[in-house]
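Here is the structure we will look at.
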Amino acid sequence: MGARPAHRRAHPATHRGGRGRPVRRLLRRETPRHGAGRLVPAPRRRRRAGRRSVTIEHVGAGWRLLGGEALALLQELPAASVDAVVTDPPYSSGGMMRGDRTQDTKIKYVKSSSVSGQALPDFGGDTRDQRAYAYWCALWLSEALRVTKPGGICVLFTDWRQLPTTTDALQAGGFVWRGIVPWNKPDGRRTYGRPANTCEYAVWGTAGGRGNDDEYETLPGFIQCNTTRRRVHIAQKPVEVMRVLVRVAPAGGVVLDPFAGAATTGVAALAEGRQFLGFERDPEHLTNGAARLRQAAAEALPAADQGDLFAEMPGSAA
């Protein structure tokens, strides 16, 4: 047989059962440089006996969404292979006491007027206490640091309860903490006789020094936007908020979200002319996210300023 081609042309979004194939078989083996037209990275060779990394794969023009645990999938990516990490991990919040935090997310969060009355699926990984949460975040953030290109940015969301823990974990993972971007929700829950807790916070840091900042635009240090009323995930962020944050990656660069959920980060990345690589462990959220990405890619393709950004994607397994 002849040598296998280095890559294949882009194809319509497809869905394949992964049956435990390691990520390295699904993505291209080259480590891309910054800039438009570069492709999503291929994971390095690493096998772990008895472990199944990719449970299922969805792929389309300019995006790839993989089913599996975030930490395991991060460990299979090559070093310095993504331009930015923009993510919204489970907060393990939703209450002052441990008993509050260990409730199902439907009980903790659906009381909010923004999601009440909608039959939304639960999501896992949201029951850690603060010390366990800090340790877990430091684990995956250390891998996120390894896969981020020098000078690249990591952005992760949290709430006021976990803000101190999250900024500590970002630094424990090796990133240089640079600041926070509050997202204020004018339609947030009312409080009386005390300040309203209507903000969530995008904590951000860099993989080492930032480099030449003159090449990048100045992004706002504060975002004001109402919550998403019609959603498919309990903790779904507005696309408008994420469109601001994905611009920390260069045009055409790869944005990684290890906790993709409804894939809002990916929808925003495609709309802003970036590529997207996402991980999600829950099959229902994975399916919903893939459907949203297909629609977003179809809407992004006609944009004249994207050129050949989506001309090809990493070759898939034969």
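Whatever position you read off the sequence shown (first residue = 1), add 223 for my numbering. Where a beta carbon is used, it is the ideal one built from N, C-alpha and C, also for glycine.
What is the C-beta distance between residue i and residue j, in whole angstroms, given that I count them as a contact (C-beta under 8 Å)?
i, j, result
"A392", "L368", "In fact, because the Cβ distance is near 12 Å, the residues do not count as touching under 8 Å."
"P481", "A293", "4 Å"
"T388", "Y424", "Wrong, their Cβ atoms sit about 12 Å apart, outside the cutoff."
"G484", "G432", "The Cβ separation is near 31 Å, so there is no contact."
Quick one: what does DSSP say residue i is sitting in, helix, strand or coil?
i, result
"Q353", "helix"
"E522", "helix"
"T510", "helix"
"G429", "A small fix is needed here, since residue 429 is Thr in this sequence, not Gly. Strand."
"V448", "Residue identity differs from the one stated: residue 448 is Cys in this sequence, not Val. Three-state result, C448: coil."
"Y424", "strand"
"A259", "Residue placement at A259 cannot be trusted, given a pLDDT of 43 that sits under 50; the coordinates are not used to answer."
"A307", "strand"
"G396", "coil"
"L362", "helix"
"L442", "coil"
For chain D, find out if any of its Cβ atoms is closer than 8 Å to the Cβ of residue i; answer yes or no.
i, result
"Q353", "Going by chain labels, chain D is absent from the structure shown, which holds only one protein chain."
With C-beta atoms as the reference, is residue i less than 8 Å away from residue j?
i, j, result
"V464", "W427", "no"
"V370", "V455", "no"
"A486", "A284", "no"
"G291", "S276", "yes"
"L300", "L289", "no"
"P409", "N449", "yes"
"C360", "G396", "yes"
"I376", "T429", "yes"
Which stretch, first to last residue, makes up the alpha helix (DSSP H) that contains residue i?
i, result
"A293", "A293 to Q298"
"V467", "V462 to L468"
"G489", "T487 to A494"
Can you name the start and end residues of the beta strand (DSSP E) that residue i belongs to?
i, result
"Q385", "Looking at the DSSP string, Q385 is not in any beta strand (DSSP E), and its letter there is neither H nor E."
"G475", "Element bounds for G475: n/a, residue is neither H nor E."
"Q498", "Q498 to E503"
"V282", "I279 to G283"
Report task. Report yes or no: do three or more beta-carbon pairs, one from the segment 468-480 and one from the segment 495-509, lie closer than 8 Å? Result -> yes
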